[in-house]
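Protein chains in written order, with our numbering: chain A, 1 to 218; chain B, 219 to 436.
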Amino acid sequence: MSDHVVLLDSYPSMFGMRVRIALAEKGIEYEYKEEDLSNKSPLLLKMNPVHKKIPVLIHNGRPVCESLVEVQYIDEVWKDKSPLLPSHPYQRAQARFWADYVDKKIYDAGRKIWTTKGEEQETAKNELIDCLKVLEGELGDKPYFGGESFGFVDIALLPFSTWFYAYETLGNFSIEAECPKLIAWVNRCKEKETVSKSLSDPHKVYEFVLGLRKKLGI
Amino acid sequence: MGEVKVFGVRRSPYSCRVEIALKLKGIKYDFIEEDLSNKSPLLLKYNPVHKKIPVLVHNENPIAESLVILEYIEETWKGTPILPEDPYQRAMARFWSKFIDEKCMPALLKAAVKERENKKAIEEAAELLKILENELEGKKFFGGDNIGLVDIVADFIGYWLGLIQHVTGLELLTKEKFPNLCEWSHEFLSSSIVKESFPPSDHLLEYIRSWLSANPSK
Chain A
1 MSDHVVLLDS YPSMFGMRVR IALAEKGIEY EYKEEDLSNK SPLLLKMNPV
51 HKKIPVLIHN GRPVCESLVE VQYIDEVWKD KSPLLPSHPY QRAQARFWAD
101 YVDKKIYDAG RKIWTTKGEE QETAKNELID CLKVLEGELG DKPYFGGESF
151 GFVDIALLPF STWFYAYETL GNFSIEAECP KLIAWVNRCK EKETVSKSLS
201 DPHKVYEFVL GLRKKLGI
Chain B
219 MGEVKVFGVR RSPYSCRVEI ALKLKGIKYD FIEEDLSNKS PLLLKYNPVH
269 KKIPVLVHNE NPIAESLVIL EYIEETWKGT PILPEDPYQR AMARFWSKFI
319 DEKCMPALLK AAVKERENKK AIEEAAELLK ILENELEGKK FFGGDNIGLV
369 DIVADFIGYW LGLIQHVTGL ELLTKEKFPN LCEWSHEFLS SSIVKESFPP
419 SDHLLEYIRS WLSANPSK
């Protein structure tokens, strides 16, 4: 049976990038549909009525929502190639824990950097750096969070690196100065073609953030 | 089986989730009741990142975050399954578990406990419960014919919420507005394993009363 896969996404979305990377790792052909988030398509609203958000993976007409749920789904359906999660239950639990940590901490801290200024922004910058340092500690001397192979936590965190330029420029600080090992890991991952073709251009992300700030009156 | 310990708090729905899952699988474990105002050195050692309960420790290996723990339990011990086998159904279970944890729990805690005079908070919580109500249509449990991951994650709705309403007079989860959820709660609480995993209602009612009088509504 041939699979029909559609991804409803938005170019700058770090969550969408996670799914793009997972699909690329598995070599899955799919139709990419760019959503205009200020004018959501009837298809998006039908496929994700609960959250009305991207990314949405549509596999043979059935939608899967929430990026980490989608990545796990992709791993379980296309299980014969490039496993994204480790095989041992304890390692899998650690992978899920750290992906959950990224979800709980990085997005909100990052968002506060480009939506606030002054003391609030300073606090947000410190929070982001603290969280990235915790992640850097978890990475240690491993090439990837998954160990020798690229995996779930790498996929969960990597797309945020495309937003670092925007955070740094608007927050006037350097993430590389604080977390050099993490940036080295980003660059290592980008050597993989599946990653480099899935990640969005940080300058385009920055332009998007500027546009969004204008719209929000920041 | 190995050595299994649960660091938790019996009156916490997050902690009870882990106990329900272990009991469903027939796993023997030691429960260590934590004093959250004075966390044990062991808890801080086993969960240095979040310093929270519950933590499952299996053969000295700690796992934190209840949803991560539930998946670990499912993958480590066969027997009564908590997740379906089909990848799409698994994705749906994960989606709804996330929805309950990330959207419903904060809204319910706000409406029922923290801002219990706030009409808007109650309306917002009701909207989210309506989504779950619709999801239950035609099903005995969220998991289908048997208790599954989503039912376990919805434990606060199944037990705590009713008891809080009994104390405060809040009329949020009512048979008139949510017949499916009320029926589900009845079925859920009929399970002897579920009942064994929860603190007795008189203990919980006493705790709720004393907490509410010590913490007036915002």
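For every residue, glycine included, the Cβ atom is placed at its ideal position computed from N, Cα and C. As the structure is a computational prediction, the values presented were derived from the model and not from experiment.
Give, in chain order, every residue of the segment 243-276 of chain B whose Cβ lies closer than 7 Å to some Cβ of chain A. Val267
Rounded to the nearest angstrom, how far is the Cβ of B/Phe225 from that of B/Leu260, given a contact under 8 Å? 7 Å
Inspect the beta-carbon positions of A/Thr22 and A/Ile175 and report whether they are closer than 8 Å. At residue 22 of chain A the sequence reads Ala, which differs from the Thr that was named. Not a contact, by the Cβ cut-off of 8 Å.
Pick from A/Asn39, A/Ile106, A/Phe150, A/Glu66 that is closest to A/Lys81, judged by C-alpha positions: A/Phe150
Please classify A/Met17: is it buried, with 16 or more other beta-carbons within 10 angstroms of its beta-carbon, or exposed? buried
Starting from B/Val273, trace the beta strand (DSSP E) in both directions and tell me its first and last residue. 273-276
In or out: B/Ser418 buried (at least 16 other Cβ within 10 Å) or exposed? Note on residue identity: the sequence assigns Pro, not Ser, to residue 418 of chain B. That one is exposed.
Hey, is the segment 95-105 of chain A in contact with the segment 128-141 of chain A, meaning 3+ C-beta pairs nearer than 8 Å? yes
Exposed or buried, B/Ile287, counting other C-beta atoms within 10 Å across all chains shown (16 or more means buried)? buried
Quick one: which chain B residues come within Cβ less than 7 Å of A/Asp100? Glu283, Val286
Helix, strand or coil at A/Pro202 [DSSP, three-state]: helix
Less than 7 Å between C-beta atoms, sequence neighbours within five positions excluded: which residues of the same chain meet that for B/Ser315? Leu285, Leu367, Val368, Val371
Taking B/Ile291 as the reference, give the member of B/Val236, B/Asp248, B/Lys338, B/Glu320 with the closest Cα. B/Val236
Residue closest to B/Ile245, alpha-carbon to alpha-carbon, out of B/Asn256, B/His276, B/His384: B/His276
Contact set for B/Leu399: own chain, Cβ-Cβ below 8 Å, skip 5 residues either direction: Leu347, Leu350, Glu351, Leu354, Ile375, Leu391
Compare the beta carbon distance of A/Val19 and A/Trp114 with 8 Å and say whether it is the shorter of the two. no
Member of B/Arg427, B/Phe360, B/Glu345 whose CA lies at the smallest distance from the CA of B/His384: B/Arg427
Give, in chain order, every residue of the segment 328-359 of chain B whose Cβ lies closer than 7 Å to some Cβ of chain A. Ile349
Using DSSP bridges, identify the partner residues of B/Gly226. B/Glu251
Own chain, CB closer than 7 Å to B/Glu333, minus 5 neighbours either side, in chain order: Ala339, Ser435, Lys436
Across which residues does DSSP place B/Ala282 in a beta bridge pair? B/Val273
Counting contacts by CB-CB distance shorter than 8 Å, is A/Cys65 in contact with chain B? yes
Between the alpha carbons of B/Trp378 and A/Ala177, how many angstroms are there, rounded? 48 Å
Just checking my contact of B/Asn265 with B/Pro280 at CB under 8 Å: how many whole Å lie between their CB atoms? 7 Å
Nearest chain A C-beta to B/Ala432 closer than 8 Å, yes or no? no
Give a yes or no on contact between the segment 61-77 of chain A and the segment 22-36 of chain A, applying the rule of three or more CB pairs nearer than 8 Å. yes
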